[in-house]
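J.:
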Amino acid sequence: MMEMNDLSDENHFFKREDNHLETFTLIWLETNINDRKHEDVEEMLHSTINHIKKFDDLDKCKKYIEEASKDDKLVLLISGQLGRQLIPFIHQLQHISAIYIISEDKENDKTWARDFPKVVEDC
-9 MMEMNDLSDE
1 NHFFKREDNH
11 LETFTLIWLE
21 TNINDRKHED
31 VEEMLHSTIN
41 HIKKFDDLDK
51 CKKYIEEASK
61 DDKLVLLISG
71 QLGRQLIPFI
81 HQLQHISAIY
91 IISEDKENDK
101 TWARDFPKVV
111 EDC
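Residue numbers -9 to 113, in the working numbering, belong to the letters of the sequence shown in order.
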């Protein structure tokens, strides 16, 4: 049987910054993600899911999604404007479970989002 001390050198899993054991990860992409107005929303989201990754940069978010383990189940929360830019590139990935759009222009966003079945509703 392997001792716990043996794991520290052999398994880099425990050293990852985003290590978690939940089923879902919420990826939240918004240009002003660190705005204080989002604190209440984030607190509410944490009552449902503990692991939230926040991004304000589309390219960094896309890279994180593309490099995520295929065993992860990702839920994306994104603005309509950024969604229109990102969703066509990541929608086909198996580990994307659902996409929620925060929309200021609901009618316009519904029109382009129809082509992407993982977009389940707008917020």
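Backbone N, C-alpha and C define an ideal beta-carbon position, used for all residues, glycine too.
Treat the numbers as computed from the prediction; the structure is a model and nothing was measured.
1. Taking all protein chains shown into account, do 16 or more other C-beta atoms lie within 10 angstroms of the C-beta of residue 109, making it buried, or fewer, making it exposed?
2. Return yes when the Cβ of residue 106 is within less than 8 Å of the Cβ of residue 65, no when it is not.
3. Return the chain-ordered ranges of every beta strand (DSSP E) run that is complete within the segment 50 to 79 and spans a minimum of 3 residues.
4. Give a yes or no on whether the C-beta atoms belonging to residue 89 and residue 68 are separated by under 8 Å.
5. Are the segment 67 to 85 and the segment 40 to 53 in contact at 8 Å, needing three or more beta carbon pairs?
6. Indicate the three-state DSSP secondary structure (helix, strand or coil) for residue 101 in the structure shown.
7. Thinking just about the alpha-carbon of each residue, which of 20, 104 and 35 is nearest to the one in residue 78?
T.: Inspection of the coordinates gives the following:
1. buried
2. no
3. 63 to 69
4. yes
5. yes
6. helix
7. 104
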